[in-house]
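S.K.:
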Amino acid sequence: MFEDFLKNNAPTPWVNLIADEKDDEVKVNMWNRQYTVGKNCLLSSIISGGEEMLEAPMTIHAIENGKEVVFGDAHTFIMNQSGREVVVCSATRSNRFVVNTALKIEYDGLCKIDLKIMPVGLTVMEVFGLDKHNAKQFDLDALWVEVPIKESIAQDYHYWPSMWPSLQAKFDKEEDKIPYSTVCMSRKLKSSLSLDFKPGIYFGNGDKGLGYFAESAENWQFAEKEALRIEKKEDGKVVFKINLLNSQPKKWEYPPAPHNPVYSFMAISFSFGFQATPVKKMPDNPYKEKAVHIDCFKKILIEYYDFLLNTSDYEGYACNLDKIAAEGVTLLYIHEKWNKIQNYWEIAVSDRARIQEIIKQCHLRGIKVIPYFGYELSTLNPNYTQWEKEHDSIQVKEGPTENMHGWYRQPNQRDYVVCYGSSFTDKMLAGLEKMFDEYAFDGIYLDSTVYPNFCLEHSCGYVDANGVRRTTHPVLGVRRFMEGLYNLLHPRGKIISAHISNYIAPSAMSFCDYVWDGEAIQIYLKDNGIDVIPQEYMKAEYVPRAIGVPYEYLVYTFPNWSYEEGLSLCLIYGMLPKPNDIGLPLEITHKLWDIYDAFPIANSTFIPYWKNDRITYKSEDIKCSLYEYKDSHGVRKWLVIIANPTSNTATATMKMSATMRVNDERERKLISSACDSFDVTLAPCQTLIYLADEIVK
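Numbers 4 to 700, taken from my numbering, label the letters of the sequence shown in order.
Spelled out as structure tokens, the structure:
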């Protein structure tokens with residue numbers, strides 16, 4: 004009975020889908036969004052937060068026997084519906100071709116689209132020779148989908164992957180070209196660009212956005228760097244093009260003897276999808292948990308049990324766990340060495356009591372504890388040989404002889420990337436269920452699991468028309484794992500945190516309570532300095548409120564880059580840093596927690612610097628965001644974040660829209676008892692936090 008309920012109803016915090024069909028149009032309502040499937044066979048409207056995201060309906064285009072056609076006037080209907088998903092089917096035709104689509108819309112807004120195209124068949128009268136059938140030529144020279152997105156929505160773009168120079172975008176204008184770097188994949192959309200196949204693209208404005216996904220380019224035919232195109236027209240309009248075919252499908256080869264093409268040219272399928280964001284409501288207070296992460300980059304050379312309970316590196320504390328508790332920590336992440344075997348749910352006999360004691364001692368101090376999991380299969384895993392012999396190999400492979408990565412750690416082992424589109428998903432979910440039955444962990448930390456890595460094995464991979472085996476990206480496999488994890492852990496009150504590593508993946512992030520980002524740019528910062536990090540990159544990629552999931556920013560310290568300097572890249576984007584060191588980084592963060600806790604964050608509105616009209620200033624370097632609270636009388640209080648994320652010293656006069664009492668919260672000193680402006684001078688990478696209370700005369 005309960006399983007049937009789960010199958011038919013949306014889990015919390017979402018609401019059940021409501022679908023309505025009328026005159027070949029289907030409207031599907033979900034939390035904060037409405038999708039409409041119209042006579043265009045695709046989405047004709049996407050509304051998020053009451054705002055239309057499409058400039059016009061999506062359209063299917065083709066070059067048919069030398070002439071362009073746009074498919075429309077479709078018959079559209081609901082095939083299946085429940086609180087969890089609605090399936091909409093649509094059918095139309097041109098003179099020579101039939102198009103069918105199936106749209107599976109899920110409770111968090113994911114919409115998977117299967118598009119099929121095929122020659123028009125014979126009618127009954129034509130089969131019996133009572134009507135003449137003249138359609139012998141079926142030339143499909145091109146097939147593409149156009150998605151007109153409102154300019155107000157597609158202000159920024161992000162694509163994945165981009166880790167090699169060959170994967171980056173091609174720009175129409177040479178002057179708009181972005182050199183390859185760690186940060187080349189996310190920018191303000193200024194001009195047109197083209198891309199090879201990408202499993203993920205995100206368009207957004209900081210408040211909301213539209214994600215696109217596809218698992219493979221199976222059946223696609225496109226020129227190099229022309230699979231996908233983002234057109235920014237002179238009038239500002241944005242059109243996203245999905246170029247499915249640029250020539251006659253290779254599966255349709257003339258002559259089709261001995262049969263008519265009607266019978267020999269089979270339907271060709273394409274799959275892709277969209278998801279409007281935010282995917283769920285952002286927590287009123289995204290900073291409720293105070294987290295520290297041990298042994299991540301700042302390495303610990305002894306066992307965690309001894310480090311936490313038998314060692315005191317700081318004067319005045321019986322053990323390091325007491326120091327952690329005194330700094331206000333409510334959530335402790337323990338890195339990979341909590342278990343001898345990487346990414347495994349079974350624990351060595353000698354470690355079981357120690358793990359239980361760590362959990363117990365954390366809970367006695369009011370601290371949740373969450374272990375590391377991730378994306379690998381360890382050679383030290385006792386099942387490694389057996390699982391590798393199974394017919395659906397679970398490891399990610401980029402080629403016949405090339406595994407992805409292969410992390411090396413102690414005890415001596417190699418840890419290879421697994422594919423969550425394989426049987427490993429079910430193995431891991433079953434194993435985690437048993438582990439959470441036995442150990443009172445408070446959630447799970449997933450390292451890079453949301454990556455839909457390149458894969459050739461098991462059900463992944465496909466053979467293209469030239470006989471070459473190509474990789475797929477198991478976007479939906481990762482989603483199935485994350486959804487399964489959500490269904491397992493959230494009824495138990497557990498937390499899911501994921502390190503997303505420069506990849507905006509709404510399809511997986513739906514099921515996260517927290518996501519982490521920033522690690523990928525730390526070495527880039529160390530080697531090149533702060534000025535190589537464009538703020539338009541940060542705005543396009545670090546989008547907690549646009550997704551509906553809190554972000555935690557990762558800061559690693561180097562001789563030329565400090566934790567304090569890292570604050571200049573996160574606080575202005577509505578993120579707090581997550582310390583990985585129980586010394587100075589945790590102490591700095593503790594003071595931030597105290598400042599944020601003293602302000603009514605849960606009843607406030609975050610206003611990022613690009614929308615901030617409460618405080619105006621003239622500076623290219625300084626960025627000022629704030630949290631605004633209004634009491635029952637409309638009197639305002641601001642928590643003001645002023646940062647200088649550059650290598651320059653910057654000065655500005657900050658003009659406020661009201662007379663305020665201003666206090667420096669970090670230095671605990673009064674700036675002015677009553678003013679409508681104040682001057683600031685910020686050193687490179689400095690961050691100020693001021694409290695401004697409106698004075699009512």
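Glycine included, C-beta positions come from ideal geometry on N, C-alpha and C.
(1) If you follow the beta strand (DSSP E) that V123 is in, where does it begin and where does it stop?
(2) Beta-carbon within less than 7 Å of P122's beta-carbon, same chain only, minus the 5 sequence neighbours each way: which residues are those?
(3) With a Cβ-Cβ cutoff of 7 Å, do F243 and C114 count as a contact?
(4) Going straight from the alpha carbon of A22 to that of S47, what length do you get?
(5) Would you call H161 buried or exposed, if buried means 16 or more other Cβ atoms sit within 10 Å of its Cβ?
(6) Just checking my contact of G434 with W564 at CB under 8 Å: how many whole Å lie between their CB atoms?
(7) Alpha carbon to alpha carbon, how far is Y320 from W641?
(8) Quick check: K680 and K658, are their CB atoms within less than 7 Å of each other?
(9) What does the Cβ neighbour count give for T404, buried or exposed, with the cut at 16 atoms within 10 Å?
(10) Is it a yes or a no for the segment 441–454 touching the segment 479–492, going by three-plus beta-carbon pairs under 8 Å?
(11) So, using beta-carbon positions, are F216 and V478 closer together than 7 Å?
(12) Distance, Cα to Cα, L694 vs F206?
(13) Less than 7 Å between the beta carbons of I271 and I63, yes or no?
(14) Rounded to whole angstroms, how far is the Cβ of S513 from the Cβ of D111, which I believe are closer than 8 Å?
(15) Could you tell me how far apart the beta carbons of L685 and I645 are, in whole angstroms, since I believe they sit closer than 8 Å?
(16) Helix, strand or coil for L542 per DSSP?
(17) Say whether the segment 181–195 touches the segment 211–228, bearing in mind that this needs 3 or more beta-carbon pairs closer than 8 Å, one atom from each stretch.
(18) Helix, strand or coil for V558, going by three-state DSSP, please let me know.
(19) Taking Cβ to Cβ, would you say A653 is nearer than 7 Å to D624?
(20) Run through DSSP, which three-state label would W348 get?
(21) To which residues of the same chain is K301 closer than 6 Å at the C-beta, ignoring the five residues directly before and after it?
(22) Going straight from the alpha carbon of A543 to that of H476, what length do you get?
(23) If you count every other CB in all the chains shown that lies within 10 Å of the CB of G124, and 16 or more means buried, which is it?
(24) Go ahead and pull the three-state DSSP assignment for V148.
(25) Quick check on the DSSP output: what are the complete beta strand (DSSP E) runs of length 3 or more inside the segment 184–210, in order along the chain?
(26) Note down, one range per segment and in chain order, each beta strand (DSSP E) of at least 3 residues found wholly within the segment 235–309.
(27) Quick one, which of A549, A501, I50 has its alpha-carbon nearest K284's?
(28) Can you tell which of C573, N342, L589, T608 has the C-alpha that lies nearest to the C-alpha of Q689?
(29) Any chance the segment 521–528 sits against the segment 48–62, with 3 or more Cβ pairs inside 8 Å?
(30) H493: which of F561, F439, A508 sits nearest, CA to CA?
(31) Quick check: what's the CA-CA separation for D418 versus R412?
(32) Look at the alpha carbon of G203 and the alpha carbon of N505, and state the distance between them as a whole number of angstroms.
(33) Just mark D159 as buried or exposed, buried being the case when its beta carbon has 16 or more other beta carbons within 10 Å.
(34) What are the start and end residues of each continuous beta strand (DSSP E) run of 3 or more residues lying completely inside the segment 504–550, in chain order?
(35) Going along the chain, which unbroken runs of the beta strand (DSSP E) with 3 or more residues stay wholly within the segment 568–618?
(36) What residues in its chain sit with their C-beta under 7 Å from that of K240, if we drop five residues either side in the sequence?
M.R.: Reading off the structure:
(1) Segment: none, V123 is in no beta strand (DSSP E) and carries neither H nor E.
(2) R99, F100, F141, P264, V265, F268
(3) No, the pair does not count as a contact, with Cβ atoms beyond the cut-off.
(4) 15 Å
(5) So H161 counts as buried.
(6) About 39 Å separates the two Cβ atoms, so there is no contact after all.
(7) 36 Å
(8) A small correction: the amino acid at residue 680 is Ser; Lys does not occupy that position in the sequence shown. Yes, they are a contact pair.
(9) Note that T404 has pLDDT 46, beneath the 50 cutoff, so the model's placement of it is unreliable and the number below is only indicative. T404 should be labelled exposed.
(10) yes
(11) yes
(12) 34 Å
(13) no
(14) Sure, about 4 Å apart at Cβ, within 8 Å.
(15) 7 Å
(16) Checking the sequence shown, residue 542 turns out to be Lys, not Leu. Three-state result, K542: helix.
(17) They do not touch, by the three-pair rule.
(18) coil
(19) yes
(20) In the three-state scheme derived from DSSP, where H, G and I count as helix and E and B as strand, W348 is classed as coil.
(21) N583, D584
(22) 23 Å
(23) Burial call: exposed.
(24) strand
(25) 189–191, 196–198, 203–207
(26) 241–248, 271–280, 294–297
(27) A549
(28) C573
(29) no
(30) F439
(31) 8 Å
(32) 11 Å
(33) buried
(34) 517–520
(35) Correct list: 608–610.
(36) E58, P151, E154
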